[in-house]
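Numbering (my numbering), first residue to last: 41 to 411.
The beta carbon of each residue, even a glycine, is placed where N, CA and C say it ideally should be.
Nothing here was measured: the structure is a model prediction, and the numbers come from that model.
What follows is one structure encoded as structure tokens, with my remarks underneath.
Shown next, in the form of structure tokens:
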């Protein structure tokens, strides 16, 4: 009986050992599956956004990049270009209060270089977003390129700050400032106006007044625009007789303007009181015929560094803020003011009149033959 007992104990020990091996294998298999699942989860979370959003965005849900401003593309690797109101647009009627011209990249008039984030504008457009219309031929170096809103304050269209036009320098004209101006003159044959009356010279009356009296040393300037479009300022002119005011002083101030802007003029003094004065300027030369530009009167005064010229301005003896309230009243000249006096052709390349037979002068304003 005793010989069988060790064998049964040995069999029981072997069975227990086999059970332990089976349990350990199951535990290891579970750990392996858990580790595989964890690795798969980590991989799907950290490694799926395209190019890690190129460093210009955040990796969001479903491994989609959310790009930072002015960056785009599926991996945020492309730069965006600036947008402005589109030059041409198809209005989206499904959007409430949608403007006729909406924002578009490069204003719809250029190609976006996505590597640099810069617009490459179509011909005739400029600006960082191709949002300005270029001035023709860059005004040929004889003018300033200005926005329509600046050059023509009466225009308030949607594109007032987009369209640019040439504002020509004195002596030049044309849409691109290429043409030189020719001098204006009065037809030497026509000496009567449409009513049959003899042509009359332009007269302009300039008047000042203050409440208590002009302060000693008060002066003013006159501004005149010549036929070229150049604007000139006279030297300071006194407002009181005690300071040297006279008709000849005003005449000399006008006649001394550069480039012979005025070659002849007559000044007549009117009132010359302590608190009011006026004078009349008559443009009596064939060089300044017809309806002349209105004189501009400056009375504010300027004594700062860089003022040209320095002048005191008009002051009241007591009221500091008064500047003389200048007025200019015109009686238009009835003569003609025509290019080359209507008796020649303007050579716009040189700004010279090519006079017809029988006429001569800078403006063909003189006659050599009586036909």
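Cβ neighbours of residue 103 in the same chain (closer than 7 Å, five flanking residues each side left out): Numbered from 1 along the chain shown, position 63 holds the residue referred to as residue 103. Closer than 7 Å at the Cβ level, and outside the excluded window around residue 103, lie 88, 89.
First through last residue of the beta strand (DSSP E) which encompasses residue 260: Position 220 of the chain shown holds residue 260. Where residue 260 is concerned, the enclosing beta strand (DSSP E) stretches over 259-265.
Give the secondary structure of residue 332 by DSSP, where H, G and I count as helix, E and B as strand, and everything else as coil. Position 292 of the chain shown, counted from the first residue, corresponds to residue 332. If DSSP states are grouped into helix, strand and coil, residue 332 belongs with coil.
Going by C-alpha to C-alpha distance, which of 392, 405, 359 sits closest to residue 383? Position 343 of the chain shown, counting from 1, holds the residue named residue 383. Per the Cα distances, 405.
Under the three-state DSSP convention, the category residue 414 falls into: There is simply no residue 414 to check, as the chain begins at 41 and stops at 411 in what is shown.
Take residue 163 as the anchor and find which of 149, 169, 225, 154 has the nearest alpha-carbon. Here residue 163 corresponds to residue number 123 of the chain shown, with the count starting at 1. When each option's Cα is compared against that of residue 163, the closest is 149.
What does a CB cutoff of less than 6 Å around residue 180 pick up in its chain, not counting 5 residues either side in sequence? Reading the chain shown from its first residue, position 140 is the one you call residue 180. Counting only Cβ-Cβ distances below 6 Å, and skipping sequence neighbours, we find 216, 217, 218.
Quick one: which unbroken beta strand (DSSP E) runs of 3-plus residues sit fully inside the segment 145-202? Chain order, please. 150-153, 158-161, 183-187
With a CB to CB cut of under 6 Å and the five nearest residues on each side skipped, what residues in its chain are close to residue 91? The residue labelled residue 91 in the question sits at position 51 within the chain shown. Same-chain partners within the cutoff: 115.
Using CA coordinates, which residue listed in 142, 374, 325 is at the minimum distance from residue 234? Here residue 234 is taken as the residue at index 194 of the chain shown, counted from 1. Among 142, 374, 325, the Cα nearest to that of residue 234 is on 374.
Is residue 325 near residue 296, with beta carbons less than 8 Å apart? For the purposes of this step, residue 325 is identified with residue 285 of the chain shown, where counting begins at 1. For the purposes of this step, residue 296 is identified with residue 256 of the chain shown, where counting begins at 1. The answer is no: Cβ separation not under 8 Å.
Of the residues 147, 177, 188, the one placed nearest residue 169, counting alpha carbons only: Sequence index remark: in the chain shown, residue 169 carries index 129 (1-based). Measuring from the Cα of residue 169, the nearest candidate turns out to be 147.
Pull up the distance between the alpha-carbon of residue 281 and that of residue 240, whole angstroms please. Mapped onto the chain shown, residue 281 falls at position 241. Mapped onto the chain shown, residue 240 falls at position 200. For residue 281 and residue 240, the distance between alpha carbons rounds to 30 Å.
Specify whether the segment 263-272 and the segment 328-347 touch according to this definition: at least 3 beta carbon pairs, one from each stretch, less than 8 Å apart. yes
Note the first and the last residue of the continuous beta strand (DSSP E) segment covering residue 309. Here the question's residue 309 lines up with position 269 in the chain shown. It spans 306-312 - the beta strand (DSSP E) in which residue 309 sits, taken as one unbroken run.
Residue from 368, 353, 367 whose Cα sits closest to the Cα of residue 414: Residue 414 lies beyond the range of the chain shown here (41 to 411); nothing can be said about it.
Could you check whether residue 173 and residue 202 sit closer than 8 Å to each other, using their CB atoms as the reference points? If you number the chain shown from 1, residue 202 lands on position 162. If you number the chain shown from 1, residue 173 lands on position 133. In contact: residue 202 and residue 173 (Cβ atoms closer than 8 Å).
In three-state terms, what does DSSP make of residue 299? Locating residue 299 in the chain shown gives position 259, counting from the first residue. Here residue 299 sits in helix by DSSP.
For residue 395, which beta-bridge partners are listed by DSSP? The residue given as residue 395 occupies position 355 in the chain shown. 384.
Looking at residue 206 and residue 175, is the spacing between their C-beta atoms short of 8 Å? As a working mapping, residue 175 is identified with position 135 in the chain shown. As a working mapping, residue 206 is identified with position 166 in the chain shown. Residue 206 is positioned such that its CB atom lies closer than 8 Å to that of residue 175.
Simplified DSSP state of residue 125, which is helix, strand or coil: Looking up residue 125 in the chain shown gives position 85. Residue state, collapsed to three classes: strand.
Going by CA-CA distance only, name the one from 230, 213, 253 that's closest to residue 314. Your numbering for residue 314 matches position 274 in the chain shown. For the residues 230, 213, 253, the minimum Cα distance to residue 314 belongs to 253.
What number of angstroms, rounded off, separates the C-alpha of residue 316 from the C-alpha of residue 255? As a first step, residue 316 is located in the chain shown; it is residue number 276 there, counting from the start. As a first step, residue 255 is located in the chain shown; it is residue number 215 there, counting from the start. Cα to Cα, residue 316 sits roughly 12 Å from residue 255.
Give me, in chain order, the residues of the same chain whose beta-carbon lies closer than 7 Å to that of residue 100; leave out the 5 immediate sequence neighbours on both sides. Reading the chain shown from its first residue, position 60 is the one you call residue 100. Only 106 meet the Cβ criterion.
Alpha carbon to alpha carbon, how far is residue 96 from residue 191? Give it in angstroms, no decimals. Locating residue 191 in the chain shown gives position 151, where the first residue counts as 1. Locating residue 96 in the chain shown gives position 56, where the first residue counts as 1. The C-alpha of residue 191 lies about 43 Å from the C-alpha of residue 96.
Of the residues 300, 177, 285, 322, the one placed nearest residue 311, counting alpha carbons only: On the chain shown, residue 311 is found 271 positions in, with the first residue counted as 1. Of the listed residues, the one whose Cα sits closest to residue 311 is 285.
If you follow the beta strand (DSSP E) that residue 316 is in, where does it begin and where does it stop? The count along the chain shown starts at 1 and reaches residue 316 at position 276. In the DSSP assignment, residue 316 falls within the unbroken beta strand (DSSP E) covering 316-323.
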